[in-house]
Ligand code: AMP
Ligand code: MG
């Protein structure tokens, strides 16, 4: 069959009632042209591009041709944006179907930038090439850093201009996720205040994502508990690599525990807990150091949605949910400490570890030192040498650290292996991302593909990449933008 790349669709979400979605097709585009295709991910999904030419791929990944078995929908959702509740939904995205891999893994296949839907409000339903390439490279980098994330399968240029501050090239990204169900999706259903709808949706989510809970007598509390764990793991991972999500609205928090929505995100270079990149985050609500507290806030909004399912007696339900939500801090602290111990190669736990860790972070902050490279320096990698690391303060700290390293049967082999498994040697540096995006937008993908390749192996030493390891030397503060 023409256009057959082995899609194997089974569209469970589109079988739910129309309360949860709108059936809508991608709007055809003028002149689709494939820009990127992710062969590694295609392999994981058991897709086969060998019998198809580039023109057909361009048609397929622009939505001009919908593959057999697809059933396109826009999903309804709501969310707290910077603390304010709003009705949202896929305003520029369309879920074309759920693909089952050979090992029966279910993945949403979604086009982002594919035209207006019932949820577009005043938007044009479109996306620009630069931001779609940016999502592609950063989401893939996150995956390769071993952090749960949505993935990127393809980018197609539409051949149409879109209007922002200036005219930009239109593009469509194919996003792959274990689902696009968000805290905001629950908020949308809960706000309708119909318990039967909430039950149907809740059972759907449990069956799809956490089937181990199907027979539980307290499914709603169990789901809340799992989500607390998943989201703590996620945010601890973000803190580990210096990732600032930038727009942690409840509609951008998944039920699967994958990072989603690569809008204004960026990686911190010099260590500063208050780091914010997004131009619209004027109060620093989503600053690096606030990410754990916001995660808890978002989980509280999630818990509120589940109240009718937790207990018939509302007071009892609120109490149980609150008790669970209040486990957040202790759990987070424990996992953050363990993550930092791993970054420092420490075995076991010592009461003084907290001081050792905080002292290092304080030194980095006071001296505006690069977060990533400091841990690389501690792993004795010569590329990360710098005068800063010869200061007396740092040397003194290092003495304490080396003393602590000796405890609990640690050996250099053990601690280096541990440190190398959690400290990336290369991250998507903001200036490198910007530089390569600019060239890529003009049609030359060589430097973009080179950066993509380097970011495939962030924990492995690579030859001749010293330029990719340096902090941005320009004095200009890095700023990112939303909704482009
Ligand atoms: P985001 O900032 O990407 O999380 O998007 C927030 C909401 O705005 C979602 O409902 C999006 O679907 C919607 N949205 C963002 N950009 C557009 C656009 N160009 N056209 C229509 N809706 C949009
Ligand atoms: Mg979003």
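Numbering (my numbering), first residue to last: 159 to 642. Just so it is clear, CB atoms sit at the ideal spot from N, CA and C, and this is done for glycine as well.
For residue 324, name the three-state secondary structure that DSSP assigns. Position 166 of the chain shown, counted from the start, is the residue given in the question as residue 324. Residue 324 falls in the coil class under three-state DSSP.
What is the chain-ordered set of residues for which the beta carbon lies under 6 angstroms from any non-hydrogen atom of the ligand MG? 409, 410, 419
What would DSSP say about residue 176, mapped onto helix, strand or coil? Stepping through the chain shown from its first residue, residue 176 is reached at position 18. Helix, per DSSP.
Measure how close the beta-carbons of residue 255 and residue 229 come, nearest whole angstrom, since I'm counting them as under 8 angstroms. Taking the chain shown and counting its residues from 1, the one referred to as residue 255 is at position 97. Taking the chain shown and counting its residues from 1, the one referred to as residue 229 is at position 71. Going by Cβ atoms, the distance from residue 255 to residue 229 rounds to 6 angstroms, so yes, they are a contact pair.
Own chain, CB closer than 7 angstroms to residue 466, minus 5 neighbours either side, in chain order: In the chain shown, residue 466 corresponds to position 308, counting from 1. So the qualifying residues of the chain are 353, 356.
Can you have a look at residue 373 and say buried or exposed, based on whether 16 or more other CB atoms are within 10 angstroms of its CB? Stepping through the chain shown from its first residue, residue 373 is reached at position 215. Looking at its Cβ environment, which holds fewer than 16 other Cβ atoms inside 10 Å, residue 373 is exposed.
Please confirm whether any heavy atom of the ligand AMP lies closer than 6 angstroms to the CB of residue 307. The count along the chain shown starts at 1 and reaches residue 307 at position 149. For the ligand AMP, not one heavy atom lies less than 6 angstroms from the Cβ of residue 307.
Check whether the segment 622-642 and the segment 584-600 are in contact - that is, three or more C-beta pairs closer than 8 angstroms. yes
Counting pairs of beta carbons, one from the segment 339-346 and one from the segment 449-463, are three or more of them closer than 8 angstroms? yes
Residue 289 beta carbon less than 7 angstroms from that of residue 415: What you label residue 415 is simply residue 257 of the chain shown in a count that begins at 1. What you label residue 289 is simply residue 131 of the chain shown in a count that begins at 1. No, the Cβ-Cβ distance between residue 415 and residue 289 is not below 7 angstroms.
Which residues DSSP lists as bridging residue 239, in chain order: Locating residue 239 in the chain shown gives position 81, counting from the first residue. Looking at the DSSP assignment, residue 239 forms a beta bridge with 242.
Let me check understanding here. Comparing Cα to Cα, which of 472, 336, 349, 487 lies closest to residue 264? The sequence position of residue 264 within the chain shown is 106, counting from 1. Of the candidates 472, 336, 349, 487, 336 places its Cα closest to the Cα of residue 264.
For the alpha helix (DSSP H) that residue 301 lies in, which residues bound it at each end? For this step, residue 301 is matched to residue 143 along the chain shown. Note, residue 301: alpha helix (DSSP H), 287-302.
Which of the three DSSP states is assigned to residue 491 in this structure? Position 333 of the chain shown, counted from the start, is the residue given in the question as residue 491. Here residue 491 sits in helix by DSSP.
So the beta strand (DSSP E) residue 523 belongs to, where does it begin and stop? In the chain shown, residue 523 corresponds to position 365, counting from 1. Note, residue 523: premise wrong, no beta strand (DSSP E); alpha helix (DSSP H) at 511-524.
Sorted by chain position, which residues of the same chain lie with C-beta nearer than 6 angstroms to residue 159's C-beta, five sequence neighbours on each side aside? Locating residue 159 in the chain shown gives position 1, where the first residue counts as 1. Any answer about residue 159 is weak, because its pLDDT of 48 lies below 50 and its placement is not dependable; what the coordinates show is given next. Nothing listed; no residue qualifies.
Compute the beta-carbon to beta-carbon distance between residue 404 and residue 439, rounded to the nearest angstrom, for a pair I have assumed lies under 8 angstroms. Taking the first residue of the chain shown as 1, we reach residue 404 at position 246. Taking the first residue of the chain shown as 1, we reach residue 439 at position 281. Correct: roughly 7 angstroms between the Cβ atoms.
Give a single yes or no on whether residue 562 has its beta carbon closer than 6 angstroms to a heavy atom of the ligand AMP. Position 404 of the chain shown, counted from the first residue, corresponds to residue 562. For the ligand AMP, not one heavy atom lies less than 6 angstroms from the Cβ of residue 562.
By Cβ distance below 6 angstroms, which residues in the same chain neighbour residue 503 in space, the five residues on each side in sequence not counted? To locate residue 503, count along the chain shown from 1; it is residue 345. Only 573, 576, 577 meet the Cβ criterion.
Looking only at C-alpha atoms, which of 417, 536, 582, 393 sits nearest to residue 340? Counting from 1 along the chain shown, the entry for residue 340 is found at position 182. Minimum Cα distance to residue 340 is reached at 417.
Have a look at 243, 316, 300, 317 and flag the residue whose alpha-carbon is nearest the alpha-carbon of residue 646. The structure shown does not extend to residue 646, since the chain is modelled only from 159 to 642, so the question has no answer here.
When you compare the CB positions of residue 203 and residue 259, do they come within less than 7 angstroms of one another, or not? Translated into positions along the chain shown, residue 203 becomes position 45. Translated into positions along the chain shown, residue 259 becomes position 101. It is a contact, given that the beta carbons lie within the stated cut-off.
Where does residue 509 land, buried or exposed, given buried means 16+ other C-beta within 10 angstroms? Residue numbering aside, residue 509 sits at position 351 when the chain shown is read from its first letter. So residue 509 counts as exposed.
Quick check on residue 159: does DSSP put it in helix, strand or coil? Mapped onto the chain shown, residue 159 falls at position 1. Confidence in residue 159 is poor, its pLDDT being 48 and thus under 50, which makes the residue's placement unreliable; the coordinate value appears in the next sentence. DSSP places residue 159 in coil when its eight states are reduced to three.
Look at residue 180 and residue 276 and say whether their C-beta atoms are less than 7 angstroms apart. Taking the first residue of the chain shown as position 1, residue 180 is located at position 22. Taking the first residue of the chain shown as position 1, residue 276 is located at position 118. Against a cut-off of 7 angstroms, the Cβ pair of residue 276 and residue 180 comes out as a contact.
Just tell me which of 623, 206, 630 has its CA closest to the CA of residue 425. Here residue 425 corresponds to residue number 267 of the chain shown, with the count starting at 1. When only C-alpha atoms are compared, the closest one is 630.
Could you tell me the alpha carbon to alpha carbon distance between residue 325 and residue 168, rounded to whole angstroms? Numbered from its first residue, the chain shown carries residue 325 at position 167. Numbered from its first residue, the chain shown carries residue 168 at position 10. Cα to Cα, the separation comes out at about 38 angstroms.
Considering only heavy atoms of the ligand AMP, does any lie closer than 6 angstroms to the CB of residue 278? For the purposes of this step, residue 278 is taken as residue 120 along the chain shown, with counting starting at 1. Yes, the beta carbon of residue 278 sits closer than 6 angstroms to at least one heavy atom of the ligand AMP.
Compute the minimum distance between the beta carbon of residue 246 and the heavy atoms of the ligand AMP, and state whether it is under 6 angstroms. Numbered from its first residue, the chain shown carries residue 246 at position 88. Yes - the ligand AMP has a heavy atom lying nearer than 6 angstroms to the Cβ of residue 246.
Going along the chain, which residues of its own chain have a beta-carbon closer than 6 angstroms to the beta-carbon of residue 231, five neighbours each way excluded? Start at 1 with the first residue of the chain shown, and residue 231 comes out as number 73. Answer for residue 231: 172, 179, 181, 253, listed in chain order.
Please report how far the alpha carbon of residue 437 lies from the alpha carbon of residue 545, in whole angstroms. Within the chain shown, numbered from 1, the residue matching residue 437 stands at position 279. Within the chain shown, numbered from 1, the residue matching residue 545 stands at position 387. Going by the C-alpha atoms only, they are around 33 angstroms apart.
Environment of residue 314 [buried if 16+ CB atoms lie within 10 Å]: Locating residue 314 in the chain shown gives position 156, counting from the first residue. Classification for residue 314: buried.
Please confirm whether any heavy atom of the ligand AMP lies closer than 6 angstroms to the CB of residue 282. Looking up residue 282 in the chain shown gives position 124. Yes, Cβ of residue 282 sits closer than 6 angstroms to a heavy atom of the ligand AMP.
How far does the beta strand (DSSP E) with residue 266 in it reach, from first residue to last? Stepping through the chain shown from its first residue, residue 266 is reached at position 108. First-last of the beta strand (DSSP E) with residue 266: 264-270.
Collapsed DSSP secondary structure at residue 505 in the structure displayed: As a first step, residue 505 must be located in the chain shown, where it is residue number 347. Looking at residue 505 - three-state DSSP - the assignment turns out to be coil, as it is neither helix nor strand.
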